[in-house]
Amino acid sequence: MALDGYTDQTMSRQAMRAELLDAQTELRLAYAWRDQRDERALHRLITAYMRLAISMASKYRRYGAPMNDLIQEASLGLMKAADKFDPDRGVRFSTYAVWWIKASIQDYVMRNWSLVRTGSTSSQKALFFNMRRVQARLEREASQRGEQLDAHQLRELVAHDVGVPLSDVEMMEGRLSGSDFSLNATQSADDEGREWIDALEDDSAQASEVVEGSLDAERLRGWLVVAMQQLNARERFIVTERKLRDVPRTLESLGEELKLSKERVRQLEAAAFAKMRRSLEAQSREVHHFLL
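Residue numbers for the sequence shown follow the working numbering, so the first one is 3 and each next one is one higher.
So this is what it looks like as structure tokens:
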């Protein structure tokens, strides 16, 4: 859903005019997209919930990103949610979509906050979006008790409140307060001094790592070939269609082709994976690392 040429006001007005879906209509559209890849159903589902995506995007304007870009990322998250939504789970699409929209927006904000990757783990994301608010609350509570917190005490309290190591708080504080500078800047006032980029370690793969990775991949491929040979024709077909296709088949579509129920196909798939696991573990103890 490209937003080029659209203002956030235009998108908001269009979203507010979109229909409101009841639970039954939403479910019907979700099934139509999942089982029949009906693009009209997908478009209708996404359009109905763009107001939700725009509303969530507006909450991140304080991070300095253009609203149009935030809406674009929110719509991408909404489309991912529609593609992965399973109507059989019994939850409303809006409840499911919130998590995908939020993740897409937050990833965009963190990618564009600095040229240096700000963080990627769940704890680092929690710090990035909550640290200032938590700091303000802790300082307010301390002031109400008549206490004055120094910087170290405040960092310790933030780490305990958010549930992350103190080192993560110190790292994130530096990232949020510092600004980017050119790697081509010299390390000293001397124009002839070494540039900062010269001090960076070469992180490209070493020749030994490339060779080891290639050997590991070839060995694992051989193990998988042997494991697949332990399956009967129907099991191999199910595993191939479910795991080795660019677009995996659904249990329903396989059940229709094999004249089996969806649950029976799922059982056969689980049994096939169990056989493959036993075969892989029998071939080498090292394969355990690939199965974790």
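Just so you know, even glycine gets a beta-carbon here, dropped at the ideal spot from N, CA and C.
Contacts around residue i, its chain only, beta-carbon distance under 8 Å, and the 5 residues preceding and following it disregarded
| i | result |
| --- | --- |
| VAL241 | MET230, LEU233, GLU271, ALA274, PHE275, MET278 |
| ALA284 | none |
| TRP102 | GLY79, LEU80, LYS82, ALA83, LYS86 |
| LEU140 | LEU151, LEU156, LEU159, VAL160, ASP163 |
Residue span of the alpha helix (DSSP H) that contains residue i, given as start and end
| i | result |
| --- | --- |
| GLN74 | 69–86 |
| GLN155 | 153–164 |
| SER57 | 52–60 |
| ARG238 | 235–245 |
| LYS264 | 264–285 |
| GLY257 | 253–260 |
| LEU29 | 25–38 |
Reference residue i, options the options, closest by Cα
| i | options | result |
| --- | --- | --- |
| ASP71 | GLU41, ASN114, GLN38 | ASN114 |
| ARG280 | LEU226, ARG236, LEU217, LEU262 | LEU226 |
| GLU331 | ALA138, MET133, PRO89 | Outside the shown range of the chain (3 to 294) lies residue 331, about which nothing can therefore be said. |
| GLU237 | ALA76, GLN269, LYS264 | GLN269 |
| GLN16 | MET52, ASP37, THR27 | MET52 |
| GLN74 | ARG91, ALA55, ASP88, ASP90 | ALA55 |
| LYS127 | ARG30, ASP170, ALA144 | ASP170 |
| VAL166 | VAL136, SER77, ASP218 | VAL136 |
| ARG36 | LEU253, GLU265, GLU220 | LEU253 |
| VAL100 | ARG221, SER57, MET69, ASP248 | SER57 |
Beta-carbon gap between residue i and residue j smaller than 8 Å
| i | j | result |
| --- | --- | --- |
| ALA25 | ALA34 | no |
| ARG174 | PHE131 | According to the sequence shown, residue 174 is Met rather than Arg. In this structure, PHE131 does not lie closer than 8 Å to MET174 by Cβ. |
| LEU282 | VAL267 | no |
| ARG251 | GLU258 | no |
| MET69 | ALA59 | yes |
Contact set for residue i: own chain, Cβ-Cβ below 7 Å, skip 5 residues either direction
| i | result |
| --- | --- |
| GLU158 | LEU168 |
| GLY224 | none |
6 Å CB neighbourhood of residue i in its chain, flanking five on each side removed
| i | result |
| --- | --- |
| GLU28 | PHE95 |
| PRO89 | LEU29, ALA32, TYR33 |
| ALA144 | LEU151 |
Residue i CB to nearest heavy atom of the ligand SAH below 7 Å
| i | result |
| --- | --- |
| GLU214 | Looking at this structure, you won't find the ligand SAH or any other ligand, since it has none at all. |
Inset, instruction - Could you tell me whether the region 21–28 touches the region 54–67, using the rule of 3 or more Cβ pairs below 8 Å? - result: no
Inset, instruction - Determine contact between the region 149–165 and the region 94–107, defined as no fewer than three beta-carbon pairs at a distance below 8 Å. - result: no
Inset, instruction - Specify whether the region 39–57 and the region 86–96 touch according to this definition: at least 3 beta carbon pairs, one from each stretch, less than 8 Å apart. - result: yes
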